[in-house]
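Taking it in order: structure first as C-alpha cells, then the write-up.
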Amino acid sequence: MIRDADILAGLLDTIQRFVRERLVPAEDHVAASDCIPEEIVRDMQEMGLFGMTIPEAYGGLGLTMEEEVKVAIELGQTSPAFRSLVGTNNGIGSLGIILSGTEAQKERYLPRLASGALIASFALTEPDAGSDAASPRATARWSSDHWVLNGTKRFITNAPLAGLFTVFARTSSGISAFLVERSSPGLSIGPADRKMGQQGTHTADVMLEECKVPADALLGQEGQGFKLAMRTLDRGRLHIAAVCTGIAIRVIRDALAYAAQRRQFGKPIAAFQLVQAMLADSQTEAYAAHAMVLDAARRRDEGDDVVLEAACCKLFASEALGRIVDRAVQIHGGAGYMREYAVERLYRDARLYRIYEGTSQIQQLVIAREMIGREEAHACI
Ligand code: COS
Numbered sequence: 013m014i015r016d017a018d019i020l021a022g023l024l025d026t027i028q029r030f031v032r033e034r035l036v037p038a039e040d041h042v043a044a045s046d047c048i049p050e051e052i053v054r055d056m057q058e059m060g061l062f063g064m065t066i067p068e069a070y071g072g073l074g075l076t077m078e079e080e081v082k083v084a085i086e087l088g089q090t091s092p093a094f095r096s097l098v099g100t101n102n103g104i105g106s107l108g109i110i111l112s113g114t115e116a117q118k119e120r121y122l123p124r125l126a127s128g129a130l131i132a133s134f135a136l137t138e139p140d141a142g143s144d145a146a147s148p149r150a151t152a153r154w155s156s157d158h159w160v161l162n163g164t165k166r167f168i169t170n171a172p173l174a175g176l177f178t179v180f181a182r183t184s185s186g187i188s189a190f191l192v193e194r195s196s197p198g199l200s201i202g203p204a205d206r207k208m209g210q211q212g213t214h215t216a217d218v219m220l221e222e223c224k225v226p227a228d229a230l231l232g233q234e235g236q237g238f239k240l241a242m243r244t245l246d247r248g249r250l251h252i253a254a255v256c257t258g259i260a261i262r263v264i265r266d267a268l269a270y271a272a273q274r275r276q277f278g279k280p281i282a283a284f285q286l287v288q289a290m291l292a293d294s295q296t297e298a299y300a301a302h303a304m305v306l307d308a309a310r311r312r313d314e315g316d317d318v319v320l321e322a323a324c325c326k327l328f329a330s331e332a333l334g335r336i337v338d339r340a341v342q343i344h345g346g347a348g349y350m351r352e353y354a355v356e357r358l359y360r361d362a363r364l365y366r367i368y369e370g371t372s373q374i375q376q377l378v379i380a381r382e383m384i385g386r387e388e389a390h391a392c393i
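Residue numbers for the sequence shown follow my numbering, so the first one is 13 and each next one is one higher.
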C-alpha cells in the first residue's frame, strides 16, 4: 500500500511526543503499581494504537510492516508495558484472523480489537511445549455440533485482560487454531505470573477444561494451525526486533546523558576513552539492528518470504540489546544498580527479548534451516 509520507510522519511525530510527554513520566508509577493508568489506556485507544496493523476496512490504521516497525521503534523507547498492552491486538492476537479468518470472524472481532474494546491473546505455549511448539498437549474434539477443548496454556501475554484467545490444540488432523472467547464455559485464567521485569505487563496460564466452543470458532482449516502460528510469529519476530531497537536507542541516550554529567577524575566520564568505546560499540550495534529491521520489513511489504530475515533480526536485535543495556548499566556505575535509575529497570525488562517469541537458539535453528533450504544461501544479502 502506498501511503502519503506526510501522514506517517505525522503519526510518528505524535507517537514520539506521546512517548516523551506522557509515557516516560509515567514509567516509575507503572513499574511500582504493576498497572497502566486508565487515562493512558484511553489515550492509546483514541490514538488508534490498538489497531495499527488491523486493516482500515475493519477500523484499524492498516499500517504496512515498515510503518509498524517504525512505530514499534518509537514505542520501544519507554516502559515495555505500554507496547505490550497494544502488542497482542496488533500482532499475534489479530494476525491469525487477518490471514485466515472468515469474513464473519473478521467482522465479529477486528473492529473491537482495533478500538481496544477487546484485548486479544495468543495461546500457543504450554508447560511442556515451549520451543517445541509443534507438540502441544491441548486437544480439541468434535462433539456433534461444537468443539470441546482441554489443556493448559502457559505464560500467555495479556491473558488476565483478554477477551479473545487464539488457542492452538491438537485435533484428529493435526494442530488447529480456535478463536475462544473468555466467556466460553470451561475457560479459566490462573493468577498473574510474578516476573523478573516488565512490570505493568501481565501473563498467566489459560486453563481449558471441557471448554465448549461453537463450530465457527475454528480459525482457518483444520490441521493448518501450526503453519498459521509460524506465519504469525514471523511477523511478531520482526516487531520484537523493532522494539529491541527502540529500547537500545533509549538506553544509549540515557547512558550518553549520564556520561556527560557524571564527573570523575575532574572530567565528565564521557571524556574517557574506555567509556567512549562502550558508547561507540552500542551505537554501532543499534544502527545495525535498525538497518536490518527496516530492510526486512520492506522486503516483507514487497511480498518476500522473510522467515530467515525475521529470525536474523530477532536474534541480532535481542542479543545486541542484551549487550547494549549491560554497557548502559556499566556506564552508570553504582547508580545503574539502583532502582531510581531507569536503566536498572530496563536491564531487567530487556532480558525477556532473548527468550519470548522464540529463543535465540530457536532463531539460530530457523536461520540455519532456511540457509540450507534456500537455493542461494546468501538470499537475504
Ligand atoms: N511459515 C509457514 N510455515 C512454516 C513456517 C513458517 N515460518 N515454519 C514452519 N512451517 C511449516 C513447515 O513448512 C512444515 O510444513 P510441512 O509439514 O508441510 O512440511 C511445518 O510447518 C512443520 O515445520 P517444521 O518441520 O520446521 O517444525 P519443527 O517442529 O521441526 O520446528 C520450530 C519448528 C522449532 C521452528 C518451531 O517449533 C518454533 O518456531 N518454535 C518456537 C516457538 C515459539 O516461538 N514460541 C514462542 C511462544 S509464542 S509468543
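In this text, a Cβ means the ideal position worked out from N, Cα and C, and glycines have one as well.
DSSP beta-bridge partners of Asp132: Position 120 of the sequence shown, counting from 1, holds the residue named residue 132. A quick correction: the sequence has Ala, not Asp, at residue 132. DSSP output for Ala132 lists Leu176 as bridge partner(s).
Heavy atom of the ligand COS less than 8 Å from the Cβ of Thr76, yes or no? For the purposes of this step, residue 76 is identified with residue 64 of the sequence shown, where counting begins at 1. Result no, Cβ not under 8 Å from the ligand COS.
In the structure shown, what three-state DSSP assignment does Pro49 receive? As a working mapping, residue 49 is identified with position 37 in the sequence shown. Coil at Pro49, not helix or strand.
Report yes or no: do the segment 195 to 203 and the segment 136 to 154 share at least 3 C-beta pairs separated by less than 8 Å? By the Cβ rule, the segment 195 to 203 does not count as touching the segment 136 to 154, because fewer than three pairs are nearer than 8 Å.
Run the proximity test for Asp144: is its beta-carbon closer than 8 Å to any non-hydrogen atom belonging to the ligand COS? Along the sequence shown, one-based indexing puts residue 144 at 132. The answer is yes for Asp144.
If you run the structure through DSSP and keep just helix, strand and coil, what is His214? Walking along the sequence shown from the start, residue 214 turns up at place 202. The answer is coil: DSSP assigns His214 none of H, G, I, E or B.
At 4 residues or longer, what runs of the alpha helix (DSSP H) sit wholly inside the segment 69 to 121? Runs found: 77 to 87, 92 to 102, 107 to 112.
Residue range of the beta strand (DSSP E) that Val160 falls in? Locating residue 160 in the sequence shown gives position 148, where the first residue counts as 1. Under the DSSP assignment, Val160 falls in the beta strand (DSSP E) whose first and last residues are 158 to 169.
Check Gly232 in the structure and name its three-state DSSP category. Residue 232 sits at position 220 when you count from the first residue of the sequence shown. Three-state result, Gly232: coil.
Is any heavy atom of the ligand COS found at a distance shorter than 8 Å from the C-beta of Glu321? Within the sequence shown, the letter at position 309 stands for residue 321. Flag unset: Cβ of Glu321 not near the ligand COS.
Assigned exposure category for Ile261 - 16 Cβ within 10 Å defines buried: The residue given as residue 261 occupies position 249 in the sequence shown. By the neighbour-count rule (16 or more Cβ atoms within 10 Å), Ile261 is buried.
For Ala254, would you say it is in contact with chain D, using Cβ-to-Cβ distances shorter than 9 Å as the test? Reference to chain D is not applicable here, since this structure consists of a single protein chain.
So what does DSSP say about Ala17, is it helix, strand or coil? For this step, residue 17 is matched to residue 5 along the sequence shown. The answer is helix: DSSP assigns Ala17 an H, G or I state.
Would you say Asn170 and Gly128 are within 9 Å of each other, going by their C-beta atoms? In the sequence shown, the residue the question calls residue 170 occupies position 158. In the sequence shown, the residue the question calls residue 128 occupies position 116. No; because the gap between Cβ atoms is not below 9 Å, this pair is not in contact.
For the beta strand (DSSP E) that contains Gly186, what are its first and last residues? Residue numbering aside, residue 186 sits at position 174 when the sequence shown is read from its first letter. Element bounds for Gly186: 186 to 193.
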